[in-house]
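Quick notes on the structure that follows.
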Amino acid sequence: MEILHVSAECYPVAKAGGLGDVVGALPKYLNKLGHIAKVVMPMYRTKFLYANKWEVVHKGYTNLGNWWFEFTVIKEATNVLDFDLYLIDINGLLDREKVYGYDDDSERFTAFQIAVLDWVNEWKHHPDVIHVHDHHTGLIPFMIKHSFKYAAIKNIPTVLTIHNAQYQGWMGWENSRFVPAWDTWRWGMLDWQNKINPLASGIKCADKVTTVSPSYLDELKYMSNGLEALFEYEKGKCVGILNGIDADVWDPATDTYLNHHYSIDDAEAGKAKSKMDLCETFNLDFEKPLIVFIGRLVGEKGADLLPQVIADSFYYIGRRMNFLILGSGFPEVEASLASMKSFSQYDYNVYVGYNEALSHQMYAGADFLLMPSRVEPCGLNQMYSMRYGTVPMVRRIGGLKDTVIDYGEKDGYGICYNYTAVGDISHGIWRAIDLYRDKAKLKANREKMMALDFSWENSVKKYVDVYSSLT
Ligand code: ADP
1 MEILHVSAEC
11 YPVAKAGGLG
21 DVVGALPKYL
31 NKLGHIAKVV
41 MPMYRTKFLY
51 ANKWEVVHKG
61 YTNLGNWWFE
71 FTVIKEATNV
81 LDFDLYLIDI
91 NGLLDREKVY
101 GYDDDSERFT
111 AFQIAVLDWV
121 NEWKHHPDVI
131 HVHDHHTGLI
141 PFMIKHSFKY
151 AAIKNIPTVL
161 TIHNAQYQGW
171 MGWENSRFVP
181 AWDTWRWGML
191 DWQNKINPLA
201 SGIKCADKVT
211 TVSPSYLDEL
221 KYMSNGLEAL
231 FEYEKGKCVG
241 ILNGIDADVW
251 DPATDTYLNH
261 HYSIDDAEAG
271 KAKSKMDLCE
281 TFNLDFEKPL
291 IVFIGRLVGE
301 KGADLLPQVI
311 ADSFYYIGRR
321 MNFLILGSGF
331 PEVEASLASM
341 KSFSQYDYNV
351 YVGYNEALSH
361 QMYAGADFLL
371 MPSRVEPCGL
381 NQMYSMRYGT
391 VPMVRRIGGL
401 KDTVIDYGEK
411 DGYGICYNYT
421 AVGDISHGIW
431 RAIDLYRDKA
441 KLKANREKMM
451 ALDFSWENSV
461 KKYVDVYSSL
471 T
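Counting from 1, position 39 in the sequence shown corresponds to residue 39 in the numbering used here; the numbering is continuous, with no gaps.
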């Protein structure tokens, strides 16, 4: 089967979160199974763009409402990613440093989707499935079916994967002029509560919808930022498929970001050396358990509670643990975490910003990884941490619930709690300190976690089942 993935992110080209990781890995594993998976995404100004060779495969001229523009499709020439990668260049609109965060994001991603479909319209041999990801590409299922100029490709089945339903790409109805001339009887397929809602439109129009974990799909029916009724209504075509992790990139035995490699047999020594490096760099105490947080400093991740959790832990439990935080997000949370450095010595530090290398070193060197998420569609961090022998401390929600079993339960290994609340998280920290003291149990837990299989090989077969049901 030939599958064309359309996405705003793809690791290592451009990544802002888990979406990038998934789109960077899934096509590779589909190809390993003998399918042909390709990725098309916007051409941003990224390091990857300048470090690789490109060939021009298509030039087009199209319009976004009254604005006419040229676009170019370039293809990475040496197959470095093990799948065909295409970038769409729209001068001035897509070629920026950041993926998101501009006032004209609606225009940028609508123009991107139009350019993709104009290009696919020209293909002599059509893909078997077009697989779109999140709201940035959520208008494609609508446009393919209801924009007149795509009549030649209207029968290509579409799959929408929801990596995060909090963000839906809402835009006012005045933007309907951007959608290439369409069957206006179908306006209801664009609309949700008097706005054009690209994610809702994708859910309505795609032939199949997947979410990145089974529990997340259940939760969306009662908590999806306004789309609850839609998820309930469309549940017949929805499937929850847990993300895998890219076991080639995330392997403590070969990870190029690590200075000390290890596998299950020598995990204690490898992790100790990695922890020592972190403690030296960040002025932490090697003897105490090291609890880390890696991720976006936003409410979804429960990051707003971190300052209080840390302060309370020091106050009530005593300075019996270290905390190291890596992340960026809400300025107030960043500022409050940064200000805490002044009253913490040798047991707390924070790196505000995005740092891929440091994230790998933290998965390796930490003892515990904190994830007090309010919403967690799948969560990759907990799977990375387990592969690196670091005990996840998670709230039972979404993908966290599907991947972590509490060490108090049968066959368990992690630390779980029910609510994103300071008391619950702090109780988890008590239990972490307890577990850290019991070296034999901690070692056994590490071995259990490192042996778990979160590879894409399992998940990718479920995607193939979805595609097969449509072709
Ligand atoms: P989300 O996509 O909701 O942010 P995921 O758990 O699915 O959450 O994916 C997060 C990914 O982003 C992981 O690979 C994590 O290591 C990475 N990440 C998040 N914040 C940072 C950061 N500040 N520096 C480095 N990596 C980060």
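Note that beta-carbon positions come from the ideal geometry of N, C-alpha and C, so glycine has one too.
With which residues is residue i paired in a DSSP beta bridge?
i, result
"I88", "P42 and V73"
"R395", "Y417"
"Y348", "F323"
"I196", "M171 and D191"
"H131", "H5 and V159"
"G240", "T211"
"A14", "C10"
"I36", "E2"
Return yes when at least one heavy atom of the ligand ADP lies under 7 Å from the C-beta of residue i, else no.
i, result
"S344", "no"
"R531", "Since the first residue shown for the chain is 1 and the last is 471, residue 531 is missing from the structure and cannot be characterised."
"G18", "yes"
"G270", "no"
"E2", "no"
"S263", "no"
"S328", "yes"
"N381", "yes"
"N225", "no"
"E356", "yes"
"D134", "no"
"C10", "no"
"D21", "yes"
"C378", "yes"
"N349", "no"
"G240", "no"
"G236", "no"
"I34", "The amino acid occupying residue 34 in the given sequence is Gly; Ile does not appear at that position. Result no, Cβ not under 7 Å from the ligand ADP."
"S359", "yes"
"G353", "yes"
"N164", "yes"
Please state whether DSSP places residue i in a helix, a strand or coil.
i, result
"C378", "coil"
"E174", "helix"
"E2", "strand"
"E55", "strand"
"Y29", "helix"
"F454", "coil"
"Y61", "strand"
"I477", "No statement about residue 477 is possible, as the shown extent of the chain runs from 1 to 471 and does not include it."
"S181", "Before going on, a small fix: residue 181 reads as Ala here, not Ser. Coil at A181, not helix or strand."
With residue i as the anchor, note down where its beta strand (DSSP E) starts and where it stops.
i, result
"L337", "Here L337 belongs to no beta strand (DSSP E); instead the alpha helix (DSSP H) covers P331 to S339."
Need the endpoints of the alpha helix (DSSP H) that residue i sits in, please.
i, result
"F368", "Counting along the chain, F368 falls outside any alpha helix (DSSP H), though it belongs to the beta strand (DSSP E) covering F368 to M371."
"A145", "Checking the displayed sequence, the identity of residue 145 turns out to be Lys instead of Ala. Start and end: I140 to H146."
"Q113", "D105 to E122"
"I433", "V422 to R437"
"H360", "E356 to G365"
Notebook entry, point to check: Which runs of the beta strand (DSSP E), 3 residues or longer, sit entirely within the region 243-312?
Noted result: Along the region 243-312, the beta strand (DSSP E) occurs as fully enclosed runs of 3 or more residues at 290-294, listed in sequence order.
Inset, instruction - Jot down the residue ranges of each uninterrupted beta strand (DSSP E) in the region 198-233, minimum 3 residues, whole runs only, in chain order. - result: Positions of the beta strand (DSSP E) runs, each at least 3 residues long and wholly inside the region 198-233, are given as 208-211 in order along the chain.
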